[in-house]
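Scroll down for the structure; my scribbles are underneath it.
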Amino acid sequence: MSQFTLIKPNTKLPIIPHHKPVLTALLILSVSSLVIAFVLGLNWGTSFQGGTSISMHFEQPVATEEVRKLFVDDPRFENVTVQSVGNESEYRYIVRTRTTTSLTCEKMDRYREATAQAVTKKTGGALKLDGWPACNAEVEDGIRGDFFVTFVTSQGEKTPEAPMTEEEVLKMFSKDVGMQVAVRYEENTHRYVVTPMGIQIEAVQLLNDHFGDKFDEKTGVDEVVTVGADVGDKFRADALVSILLALGLMLLYIGIRFDARYAPSAVASLGVSILMTLGFVAIAGIEITLETVAAFLSLVGYGINDTIVNFDRVRENVALASADVKLEAIVNKAINECLSRTVITSTTTIMAILPMAIMANGATQDFAIIMCVGICFTTLNSIFVSCPLLIYMDRWFKRMQERAEAKKALSGGVEEA
Amino acid sequence: MSRSWWFRTAFLIFLLLLSCVLLMPTVVEMVLYPESEEEVAEESADEVPRNPPLPKWYQDLPLWMKSKTLALGLDLQGGLMLRYSVDVDSAIDDKLASNASSIRSALVSDMTNPVAVSYRLDRNANEIHLTFENADDTKRISAKFLEDYPMLAISTVAGSTVTLGLSPNYFKDAEESSVKQAVEIIRERIDQLGVAQPNVRVESGRNIVVELPGLSRSRVAAAEKLISTTAVLTFKLVAPKTEAVPVFAALGKKLPSSSNIGVGGGTLYADDEVDATGRVVVSGKDILKKFVMENEADIPSGRVIAYEKVDIRERRGDVESDAELAKLPTRWRLRLVGSDTVLTGENVEQAYPASNPDTNMPYVSLKLDKSGGDRFEQVTGEHIGDQLAILMDDVLVSDPVIRSKIPGGNVSIEMGRGNRQETLNDVNNLVVSLRSGALPAPIRQEFKTLVGPSLGRDSIETGMKSLVLGFILIFGFIIIYYRGSGLIAAFALMCNVVFIMAGMASMGAALTMPGIAGIVLTVGMAIDANVIVFERIREELRANETPRKAIHLGFERALWTILDSNITTAVAAVVLMNFGSGPVKGFAVTLLLGIISTVYSAFFVSRTIFELKIRINNEKLSI
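Top to bottom, those sequences are chains A and B. Each residue of the first sequence is one higher than the one before, starting from 1 at the first, in this note's numbering. Each residue of the second sequence is one higher than the one before, starting from 1001 at the first, in this note's numbering.
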């Protein structure tokens, strides 16, 4: 019975003899990808960059442009982007901004002055502002969450319990200082706990004022993610470290399972694939989110398979071949033998993911797109990068060996003399 | 058939059955009888019967069979997300105050060489200023002396004043440990909610994020209440009556002519306002609190107001029978207590309910830690005849009279405030709060959002459709390409997916969108394993091997190739698991499970079927 085949058995493509132009092209492509990623810059998501992302939906259709204009024109939202997500019928949007809080250090300084003035005026000089949150390099992106305020008498002495009622302080903040807050007095610490209205509350107010019935202030906001710039940096470092760590551990494993010639070739080819995919991500403007990093790490895990399968066959054939057969020929034969498997596997995996890349939304779609593109690259590179590199590594090893032997012979010769 | 074949077949059947059992609760609760999303009035918070009810046969199953369901993650089904911040500053303030008064009394009541000293707290700078009558006595504050107070270090000595500040790193350590403890406590509390796959994590520094996927709207209030019961327990001293009565008399004069606050018994009181069904509309405590806040200036410094439930037995005179007594709304009154904290809940090592054999009234028995016990012994020694105020937040739960010095750190708190049932309730609440809720620092809710499925129902549907389409494409391709063997591969693949789902359900993991992506990737890997084997078998067949030999060699030679490629992927998955928060972790877990089940499916499931096929007909192999 005939077999259904994509790649005919006994295919003998002269891949290794003609590898040079392809290898050069791929290497140039990967280096230029890196350059592109640097020049264009990556679209770092909220988790990595710091900022706030607010997912919301409207009850009735609104024009995307109208939502965008509303936020872009408001100075409280820095570097704002508005993206329509999900299906058309859902009127869902994600608003992203660099702002994590409406309270920058600069603003807090202004508010401090206003508060100090207001309290002196209100109490006829009996009280003055004492405790105010420090805004410095440590909290460079401003104040997030609650902060504490205390008052002392004009002589700088501690006040009797609760120098002002919560309502008075609240009124002072909203009227004299111009700051929307909630105030609570803490008896045991003699402080006023001030809860500033977060950026999301300001966003809700903005939407409510502008859109009215089209936006439900209670249920309209689906999710708010706020990440400080410091945390973003940490995430970024973590992502890079995990990818490098994964590569390092693979280098170790392949080094042990195969030998020192195979491991660097395999890992280098993977590195080339990652750079190329990164270039694609930069050009496509795909947002770097935690899911995107997961896609890259999966690519690292999955992409190595093709190379392993090829190398496995190379090793098997080396053991079977007589000593005078050149490695180039063995590798070429191995590639051809595995070609059918390589093509089928990549095809099926892409088949599984492609519908997701086309149909799904948001992070899942990004994940699927990166995987699809990345698998194409890893498959290509497992043939045109890892195999030639293995040959170069082998040659280099042989040269080193010859040199060492020559040296040994030389030093041996000296001894004899 | 060989023995090993029978064994493998039996094991496969066992695994499939096990998977079915593991997935059964998920199928019954989520697919066959999904909980209706109808909204229930928010107030009827605590117990809402399930709608629709689960079938009888399912309810009758033993609990272990239905304890784990494969829940959908927050991104797929929505739920409640809360953010808290831990108020470390006020916790440190409390500790500082407790340390300061402890140092003072250690110096003042020193047996051999007492010294006269006073202290002042600077709460903004977190400093204690000790002022000695005799400047020479400043030497008493030595490094050795401070060994008992590890949180403190000498910052300056000027004349007769020693300034003690927080020891280096203390603030950071305290912050870290408070946040860590708070996370654990919240986790414990959430477990009582029985929500599948709750997620509690530290977000940045002091922020704690709590995610409760699938929490129905009707249970939000209950969940919030459960989490934020801070119940900071403090021990203070009750101000003497001679001082309290005039303060409350002055306060009473400020009451407007018509007020729901009453004056009597040397204090002010207010009753809970209840509606027709007996549900509390406004708590008497809140009425009082509002009034006290407005008149804060009348409270002398060094004193704070506490609120107390009036013992129902004290009100016998108000009504005619005990039956009517039980119907009275709860009455709250004001108490004046010292602002200095003697002990905090942190000093409590153990708390358990006990019962007085004479009166049959329940009480709480406490065991204090060493430093708390010492301090308690000292304070009770100094204040014999005074009343101790035991406060949960600002509510006075007990005010025992100190009859003698209490050594050894064993304390009983009697809570005779009402009938036995009510007291028992109070006792249990206190014990629970003390055990799981002896929070190291108060937590403050910063943000709450009821998350809708972040992708939207339509989007999830398209996601699912794309997943199914992917499967159909793969199955179609592999069956067309490998014919009969393709069918075997497809069956192995199905087993694989079932195993992964069952594995996730048994771990109580949630299915998130990244998790689904992980399953898709696994399917890709599983296909790869099959393709490697099949291509190998084809090669052997082309080399004119018999089908039986070809199958044997194909599996044999593919073994290490498949293992190597899966182990390298597992390496990436393990790294991913350590990198990721929430969703990424879910993906890594799925991938890792997938790798294990892929290797098993490829080598055991498909191989076992191949061997069966060969036994039946070893002439032809459809591949």
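Just so you know, even glycine gets a beta-carbon here, dropped at the ideal spot from N, CA and C.
Would the C-beta of residue i count as close to the ligand SAM, meaning under 7 Å from any of its heavy atoms?
{"i": "T64(A)", "result": "This structure simply doesn't include the ligand SAM, nor any ligand for that matter."}
With a cut-off of 8 Å on the beta carbons, I'd call residue i and residue j a contact; round off their distance for me.
{"i": "D130(A)", "j": "T150(A)", "result": "5 Å"}
{"i": "D1284(B)", "j": "R1315(B)", "result": "The residue you asked about is not Asp; residue 1284(B) is Gly in the sequence shown. That pair is no contact at about 13 Å."}
{"i": "V1220(B)", "j": "L1080(B)", "result": "6 Å"}
{"i": "M351(A)", "j": "G1470(B)", "result": "7 Å"}
{"i": "R1187(B)", "j": "V1179(B)", "result": "Not quite, the Cβ-Cβ distance comes to about 13 Å (not below 8 Å), so this is no contact."}
{"i": "L1121(B)", "j": "L1096(B)", "result": "6 Å"}
{"i": "K128(A)", "j": "V152(A)", "result": "6 Å"}
{"i": "G45(A)", "j": "E287(A)", "result": "5 Å"}
{"i": "D1334(B)", "j": "I1305(B)", "result": "The question names Asp, but residue 1334(B) is Leu in the sequence shown. The Cβ separation is near 6 Å, so the contact holds."}
{"i": "E1133(B)", "j": "A1116(B)", "result": "4 Å"}
{"i": "L1022(B)", "j": "A1505(B)", "result": "5 Å"}
Got a sec: is the Cβ-Cβ distance from residue i to anything in chain B below 8 Å?
{"i": "K333(A)", "result": "no"}
{"i": "Y192(A)", "result": "no"}
{"i": "D259(A)", "result": "no"}
{"i": "I256(A)", "result": "no"}
{"i": "I370(A)", "result": "no"}
{"i": "F4(A)", "result": "yes"}
{"i": "M356(A)", "result": "yes"}
{"i": "F367(A)", "result": "yes"}
{"i": "I15(A)", "result": "no"}
Report the three-state DSSP secondary structure of residue i (helix, strand or coil).
{"i": "D130(A)", "result": "strand"}
{"i": "P1246(B)", "result": "helix"}
{"i": "K408(A)", "result": "helix"}
{"i": "Q401(A)", "result": "helix"}
{"i": "F1610(B)", "result": "helix"}
{"i": "L1388(B)", "result": "strand"}
{"i": "M1081(B)", "result": "strand"}
{"i": "G1214(B)", "result": "coil"}
{"i": "N1207(B)", "result": "strand"}
{"i": "Q49(A)", "result": "helix"}
{"i": "T1163(B)", "result": "strand"}
{"i": "E1047(B)", "result": "Only weak support is given to the placement of E1047(B): the predicted model assigns it a pLDDT of 45, under 50, and the value that follows is read from those uncertain coordinates. E1047(B) falls in the coil class under three-state DSSP."}
{"i": "M426(A)", "result": "Because chain A spans 1 through 417 in this model, residue 426(A) falls outside it and cannot be assessed."}
{"i": "E1539(B)", "result": "helix"}
{"i": "A1510(B)", "result": "strand"}
{"i": "P21(A)", "result": "helix"}
{"i": "A321(A)", "result": "coil"}
Select from the options the residue whose C-alpha is nearest the C-alpha of residue i.
{"i": "G178(A)", "options": "Y185(A), L244(A), E113(A), E166(A)", "result": "E113(A)"}
{"i": "M1525(B)", "options": "S1601(B), I1537(B), A1510(B), A1543(B)", "result": "S1601(B)"}
{"i": "V1364(B)", "options": "I1516(B), R1083(B), L1576(B), N1410(B)", "result": "N1410(B)"}
{"i": "E1540(B)", "options": "D1528(B), P1246(B), G1554(B)", "result": "G1554(B)"}
{"i": "M164(A)", "options": "A203(A), S174(A), D176(A), V119(A)", "result": "V119(A)"}
{"i": "V183(A)", "options": "L170(A), E337(A), K175(A), S174(A)", "result": "L170(A)"}
{"i": "I1103(B)", "options": "T1156(B), V1162(B), L1082(B), I1092(B)", "result": "V1162(B)"}
Using 8 Å as the limit for Cβ to Cβ distance, is residue i near chain A?
{"i": "V1498(B)", "result": "no"}
{"i": "W1560(B)", "result": "yes"}
{"i": "T1138(B)", "result": "no"}
{"i": "M1504(B)", "result": "no"}
{"i": "N1347(B)", "result": "no"}
{"i": "V1520(B)", "result": "yes"}
{"i": "M1065(B)", "result": "no"}
{"i": "V1202(B)", "result": "no"}
{"i": "T1608(B)", "result": "no"}
{"i": "F1587(B)", "result": "yes"}
{"i": "L1334(B)", "result": "no"}
Practice item. Taking only beta carbons into account, state which residues of the region 1463 to 1480 of chain B come closer than 8 Å to chain A, listed in chain order. Key: G1463, K1465, S1466, L1467, L1469, G1470, F1471, L1473, I1474, F1477, I1478, I1480
Review point. When you check each C-beta in the region 1522 to 1549 of chain B against every C-beta of chain A, which residues fall closer than 8 Å?
Key: Cβ contacts with chain A come from V1523, G1524, M1525, I1527, D1528, V1531, I1532, E1535, R1538, E1539, R1542.
Exercise for review: Could you name the residues of the region 324 to 351 of chain A whose beta carbon sits closer than 7 Å to any beta carbon of chain B, in the order they occur along the chain?
Suggested key: S340, R341, I344, T345, T348, T349, M351
Review point. Of the residues that make up the region 1117 to 1142 of chain B, which ones have a beta carbon closer than 8 Å to any beta carbon in chain A?
Key: R1123, N1124
Exercise for review: Give the residues from the region 112 to 131 of chain A that approach chain B closer than 9 Å (Cβ to any Cβ), ordered along the chain.
Suggested key: Listed by position along the chain: D130, G131.
Review point. At a Cβ cut of 7 Å, what residues of the region 1287 to 1309 of chain B count as close to chain A, listed as they run along the chain?
Key: M1293, E1294, E1296, A1297, I1299, S1301, V1304
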